[in-house]
Amino acid sequence: MTRTTTLLLSFLLFQLLHFSGRTAAVSGGGGKWKLLHLSIGITAMHMQLLNNDKVVIYDRTDYGRSNITLPNGICRNDPSDQALKIDCTAHSVEYDVASNSYRPLMVLTDVWCSSGAVMADGTFIQTGGFNDGDRVVRVFKPCIGGELCDWEEINRGLIQRRWYATNHILPDGRQIIIGGRRQFNYEFYPKSRATNRVFNLPFLAQTNDRGIENNLYPFVFLNPDGNLFIFANDRAILFDYARHSVVKTYPQIPGGDPRCYPSTGSAVLLPLKNLRGKATAAEVLVCGGAPKGAFAATNKGIFMRALNTCGRIRVTDQNPQWVMETMPRARVMGDMLLLPNGQVLMINGAASGTAGWEMGRNPVLNPVLYNPINSRFKVLNPTTIPRMYHSTAIVLRDGRVLVGGSNPHRLYEFSKVLYPTELSIESFSPPYLDPSLNNLRPIIINSRSSPNAHFKIGYGQRLAIRFTMLSGVPKGDLVTVTMLAPPFNTHSYSMSQRLLILGGGNVKIVGKSLYQVAVTTPTITNLAPPGYYLVFVVYQDVPSEGIWVHLQ
1027 MTRTTTLLLS FLLFQLLHFS GRTAAVSGGG GKWKLLHLSI GITAMHMQLL NNDKVVIYDR
1087 TDYGRSNITL PNGICRNDPS DQALKIDCTA HSVEYDVASN SYRPLMVLTD VWCSSGAVMA
1147 DGTFIQTGGF NDGDRVVRVF KPCIGGELCD WEEINRGLIQ RRWYATNHIL PDGRQIIIGG
1207 RRQFNYEFYP KSRATNRVFN LPFLAQTNDR GIENNLYPFV FLNPDGNLFI FANDRAILFD
1267 YARHSVVKTY PQIPGGDPRC YPSTGSAVLL PLKNLRGKAT AAEVLVCGGA PKGAFAATNK
1327 GIFMRALNTC GRIRVTDQNP QWVMETMPRA RVMGDMLLLP NGQVLMINGA ASGTAGWEMG
1387 RNPVLNPVLY NPINSRFKVL NPTTIPRMYH STAIVLRDGR VLVGGSNPHR LYEFSKVLYP
1447 TELSIESFSP PYLDPSLNNL RPIIINSRSS PNAHFKIGYG QRLAIRFTML SGVPKGDLVT
1507 VTMLAPPFNT HSYSMSQRLL ILGGGNVKIV GKSLYQVAVT TPTITNLAPP GYYLVFVVYQ
1567 DVPSEGIWVH LQ
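In this text, residue positions in the sequence shown follow this note's numbering: the first is 1027, and each later residue adds one.
Quick look at the structure:
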């Protein structure tokens, strides 16, 4: 019996045992779960939604064979691979949301713990990784029509090794790539004559705790003034990347516990209001993580309780201070996602331990909803699948959340382990998708031929959206329009995640059961960098399906 056959049989036996007793969906007022696939062939360590409603998913290449074969007899030939030099299985897939299907992709060099962001033209740029992939730039252009697109790789596309780095899209359309293991610096992509070099960032060295790098995958957000808010370990700065200087140093988060990898909390830039001619306030929310000493304790078999606190700070204040809040569940390795209605979903993770091989315990199965307006938390219905180390989650155009991954092992392990490798993907429908709210759900009337057709629009322009509703004439002051930048998600952090509240209230009746709301797009690229966004009409916190808008 070959190793591949043994692996497959072990996987099938595991699935039979692991999924027995599961219900396909758990529903109620607190959200609904649905299993989409028992296996997509790989575990979803990284995910990005593209503007064709397809999701690029990928894993390490050095696990050995995956459970999905490359097409047409193609094999990956990588002399540097630490597991298999010749590998005929895929380590990346493209998931089609509309058809609930997937196909294998060819990624050559190792993408383990890499980073990425989508460019203004919709091209996904993926950077770094491990081993022979640590300086590689990979390009994935969304497929058009029936085209079968795939990865393109640029060797030595980066100057420095980037492993556990963070990317963020900038107002001028470039990406900044910050940090990584033993990299206290940053660089830009694409390169120019002026930026074809590495720039030092001493803040990353200052937040490196005596060899325990609780500053990996730093949380980075574009502030409306054009500077970057950078949070690493337990501290934050406002950074002018154009002048390579620190503008402001923020207070240490109360308690002084680390929040970045491997202590692995999560963070979001809370929804921004599109205020024409006025300064826009910006707030960052950092939640969960592991207490000081937790990483070292796991090596002794001690799994310390995760943090149950969130820190919230208005980064645009002259004298900003952290305001602490208590979550209903302690959580490490959780993901925080901005939902179309402006609320925050906390999902995945564990209640004790840290990120790392075999270092997490007590999975947190219940998502939690956070309302930034009143700082209230709501515990939602649980999944039946533990999503531990190397799990992911992203928001889809229809408002569901795609959830996958979880592999706390050095290889694929399906039996005789506490938390088996997960090759499954599932969807979570937040409470706003409950059928009892269908009467309140706006339905955008899209004049284009397909629901994911793209509208091109410029800055500071009027955007009129027509919609219908089953409940009849909506109250104008309860209608808002939001604009979401779909982020790149890995290791509990969604890079370049951004939600803008464009406005609302100005609702007109334009036909029988047909209404129109008009808003103005952002006037400056600091507020919304150029690129593809999902636009939603929201009524009483119930969002429509989104439409793709290309802001340029």
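Yeah, the Cβ is synthetic: ideal placement off N, Cα and C, and Gly gets one too.
Contacting residues, own chain, Cβ-Cβ under 6 Å from residue i (five flanking each side not counted)
i: V1545; result: L1489, V1507, L1528, G1529
i: L1110; result: G1090
i: F1156; result: D1136, W1138, W1189
i: I1112; result: C1101, N1103
i: R1207; result: W1189, Y1190
i: L1437; result: Y1089
i: I1279; result: D1260, G1337, W1348
i: T1418; result: A1070, M1073, G1430, G1431, N1515
i: N1345; result: none
i: G1047; result: Legend: pLDDT at G1047 = 35, less than 50; position of this residue unreliable, value from coordinates given subsequently. There are no such residues.
i: R1285; result: G1291, V1312, G1315
Contact set for residue i: own chain, Cβ-Cβ below 8 Å, skip 5 residues either direction
i: E1571; result: R1423, D1424, G1425, I1469, I1470, P1477, F1562
i: S1118; result: I1068, V1082, I1083, Y1084, D1085, P1130, L1131, M1132, V1133, V1137, W1177
i: M1145; result: I1151, I1195, G1199, Q1201, G1557
Sequence-distant residues of its chain with Cβ nearer than 7 Å to residue i (five each side left out)
i: D1567; result: N1367, Y1458
i: K1167; result: T1149, C1175
i: Y1287; result: Y1190, L1242, Y1243, A1381, H1517
i: D1343; result: none
i: S1401; result: E1351
i: H1579; result: Shown here, the chain extends from 1027 to 1578; a query on residue 1579 therefore has no answer.
DSSP beta-bridge partners of residue i
i: P1389; result: A1376
i: H1072; result: Y1084, T1516
i: P1197; result: Paired residue(s): none; P1197 is not in a bridge.
i: L1242; result: Y1287
i: G1530; result: T1506
i: E1178; result: V1165
i: F1225; result: Y1212
i: E1173; result: In the DSSP output, where bridge partners are listed per residue, E1173 has none listed.
i: S1125; result: Answer by DSSP bridge pairing: none, since S1125 is not bridged.
i: T1115; result: T1095
Rounded separation between residue i and residue j - CA only
i: K1058; j: L1064; result: 17 Å
i: L1196; j: Y1215; result: 10 Å
i: N1334; j: F1247; result: 23 Å
i: Y1559; j: N1259; result: 30 Å
i: I1263; j: Q1186; result: 23 Å
i: I1573; j: I1068; result: 30 Å
i: D1136; j: S1462; result: 46 Å
i: A1231; j: F1210; result: 6 Å
i: A1070; j: I1328; result: 28 Å
i: L1504; j: S1497; result: 13 Å
i: D1107; j: D1160; result: 13 Å
i: S1475; j: P1130; result: Model confidence at S1475 stands at a pLDDT of 44, short of 50, so the residue's coordinates are unreliable; what they give is reported in the following sentence. Looking at the two C-alpha atoms, the distance is approximately 28 Å.
i: P1460; j: L1363; result: Checking the displayed sequence, the identity of residue 1460 turns out to be Asp instead of Pro. Whole-angstrom Cα-Cα distance: 19 Å.
i: A1323; j: P1389; result: 18 Å
i: V1421; j: S1539; result: 29 Å
i: R1331; j: P1393; result: 18 Å
i: P1125; j: N1532; result: Note that residue 1125 corresponds to Ser in the displayed sequence, not to Pro. Looking at the two C-alpha atoms, the distance is approximately 36 Å.
i: V1341; j: D1198; result: 22 Å
i: L1371; j: G1557; result: 24 Å
i: I1203; j: K1501; result: 44 Å
i: I1256; j: F1245; result: 6 Å
i: G1484; j: V1294; result: 26 Å
i: G1122; j: E1452; result: Reading the sequence as shown, one finds Asp at residue 1122 and not Gly. When rounded, the distance between both Cα atoms is 13 Å.
For residue i, the first and last residue of its enclosing alpha helix (DSSP H)
i: T1324; result: 1320-1324
i: P1228; result: 1228-1232
Start-to-end residues for the beta strand (DSSP E) that takes in residue i
i: D1122; result: 1118-1122
i: A976; result: Any question about residue 976 goes unanswered here, given that the chain covers just 1027 to 1578.
i: N1397; result: 1394-1397
i: A1132; result: The sequence given here places Met at residue 1132; Ala does not occur at that position. That residue, M1132, is in no beta strand (DSSP E); it is neither H nor E in DSSP.
i: W1059; result: 1058-1063
i: Q1542; result: 1540-1546
i: D1361; result: 1361-1364
i: L1560; result: 1557-1565
i: W1574; result: 1573-1577
i: E1452; result: 1451-1455
i: H1480; result: 1480-1483
i: L1254; result: 1254-1258
i: F1493; result: 1488-1494
i: Q1186; result: Premise fails: Q1186 is in no beta strand (DSSP E) and is neither H nor E.
i: I1151; result: 1150-1153
9 Å Cβ cutoff, residue i in contact with chain D
i: L1075; result: As a matter of chain content, chain D is missing from the structure shown, which is built from one protein chain.
Quick check for students: name the residue ranges of the beta strand (DSSP E) that lie wholly in the segment 1263-1349, counting only runs of 3 or more. 1271-1275, 1292-1295, 1309-1313, 1335-1340
May I have a chain-ordered list of the beta strand (DSSP E) segments no shorter than 3 residues that lie completely inside the segment 1395-1433? Fully enclosed beta strand (DSSP E) runs of 3 or longer: 1402-1405, 1417-1421, 1427-1431.
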